[in-house]
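*Asks:*
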Amino acid sequence: DGGITQSPKYLFRKEGQNVTLSCEQNLNHDAMYWYRQDPGQGLRLIYYSQIVNDFQKGDIAEGYSVSREKKESFPLTVTSAQKNPTAFYLCAASRSGGAAETQYFGPGTRLLVL
Amino acid sequence: QKEVEQNSGPLSVPEGAIASLNCTYSDRVSQSFFWYRQYSGKSPELIMSIYSNGDKEDGRFTAQLNKASQYVSLLIRDSQPSDSATYLCAAYTGGFKTIFGAGTRLFVKA
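So the sequence lines, in the order shown, correspond to chains H and R.
Under the numbering used here, the first residue of the first sequence is numbered 1, with each subsequent residue one higher.
Under the numbering used here, the first residue of the second sequence is numbered 1001, with each subsequent residue one higher.
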């Protein structure tokens, strides 16, 4: 069963805490992405990765970090520097990053601040 | 700043009617356009992609692109209550960047 998995489904963060969101894909896609979705707003790009061991900042990277040590995995860490982390986080993958490439999304992780 | 604009809705149509969703984009170099459907609390799923001017049909869905007017639309024929969702328009602008609109909420009344 091919696809993208994200865990956990819900995540609670305490003040000053770093938390890591998991994203795994078995589509054998090269490119992976992290987006943030806030109510009434479009998806905003946090980070993307074209290939293993390479990643680039998106439009709202401050307060976030990522790694891409394996093709299948692209975890996102929400650091304590991110002052407003409450949002729906979506991981996506595409075969490459070209114009015709569709992005497929995982089920998402909803992050809430305690 | 590159933008994709959509009417937030809600757009309400009776069952069996045609739902028309519209989107405009600001970046003239946008190459590819996508329509995603997102049910409440779920992740977006691709409905249609379109790359050339004109119409593209897939079942009950038709996407229309007019690059000169920087306009993309999605028509849903024979709308069903299960089509009730938020529809996101997206434009690929190059360099691994896809800009998403905030979405239009569609409500199909049974």
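From the three backbone atoms N, C-alpha and C, an ideal C-beta is built for every residue, glycine too.
Here the structure is a predicted model, which means the values were calculated and not measured.
Can you name, in chain order, every residue of its own chain whose Cβ lies under 6 Å from the Cβ of residue 1055 (chain R), other than the five neighbours on each side?
*Replies:* Correct list, in chain order: 1062 and 1064.
*Asks:* Pairing CB atoms from the segment 1002-1009 of chain R with CB atoms from the segment 15-35 of chain H, are three or more of them under 8 Å?
*Replies:* No, because fewer than three Cβ pairs between the segment 1002-1009 of chain R and the segment 15-35 of chain H fall closer than 8 Å, the two stretches do not touch.
*Asks:* Listed from N- to C-terminal order along the chain, which residues in the segment 97-109 of chain H have their beta-carbon within a distance smaller than 7 Å of any beta-carbon of chain R?
*Replies:* Hits within the stretch, in order: 97, 99, 100, 102, 103, 105, 106, 107 and 108.
*Asks:* Kindly list the residues whose CB is nearer than 7 Å to the CB of residue 1080 (chain R), restricted to its own chain and excluding five residues on each side of it in sequence; keep chain order.
*Replies:* Correct list, in chain order: 1015 and 1108.
*Asks:* Which residues in the same chain have their Cβ closer than 6 Å to the Cβ of residue 95 (chain H), if we skip the five residues on either side of it in sequence?
*Replies:* Once the five neighbours on either side are set aside, the close Cβ partners of residue 95 (chain H) are 29 and 101.
*Asks:* First and last residue of the beta strand (DSSP E) that includes residue 107 (chain H)?
*Replies:* That residue, residue 107 (chain H), is in no beta strand (DSSP E); it is neither H nor E in DSSP.
*Asks:* Are the CB atoms of residue 1086 (chain R) and residue 1101 (chain R) within a distance shorter than 8 Å?
*Replies:* No, the Cβ-Cβ distance between residue 1101 (chain R) and residue 1086 (chain R) is not below 8 Å.
*Asks:* Quick one: residues in its chain with C-beta nearer than 6 Å to the C-beta of residue 1091 (chain R), no 5 flanking neighbours on either side, listed in chain order?
*Replies:* Here the set comprises 1004, 1025, 1030, 1033 and 1099.
*Asks:* Using the C-alpha atoms, what's the distance from residue 85 (chain H) back to residue 57 (chain H)?
*Replies:* Straight-line Cα distance between these residues: approximately 17 Å.
*Asks:* Find the nearest neighbour of residue 1071 (chain R) within the set R:1105, R:1110, R:1096 and R:1022, judged by alpha-carbon distance.
*Replies:* Cα-wise, what sits closest to residue 1071 (chain R) is R:1022.
*Asks:* Which value, in whole angstroms, describes the spacing of the CA atoms of residue 1048 (chain R) and residue 71 (chain H)?
*Replies:* Roughly 27 Å between the two C-alpha positions.
*Asks:* What does residue 1004 (chain R) reach in chain H if we use C-beta pairs closer than 9 Å?
*Replies:* Here the neighbours are 42.
*Asks:* Would you kindly report the start and end of the unbroken beta strand (DSSP E) that includes residue 46 (chain H)?
*Replies:* Element bounds for residue 46 (chain H): 44-49.
*Asks:* For residue 1058 (chain R), which three-state DSSP category applies?
*Replies:* It is a strand residue.
*Asks:* So which residues on chain R does residue 31 (chain H) lean against when the C-beta distance must stay under 9 Å?
*Replies:* Those are 1096, listed as they occur along chain R.
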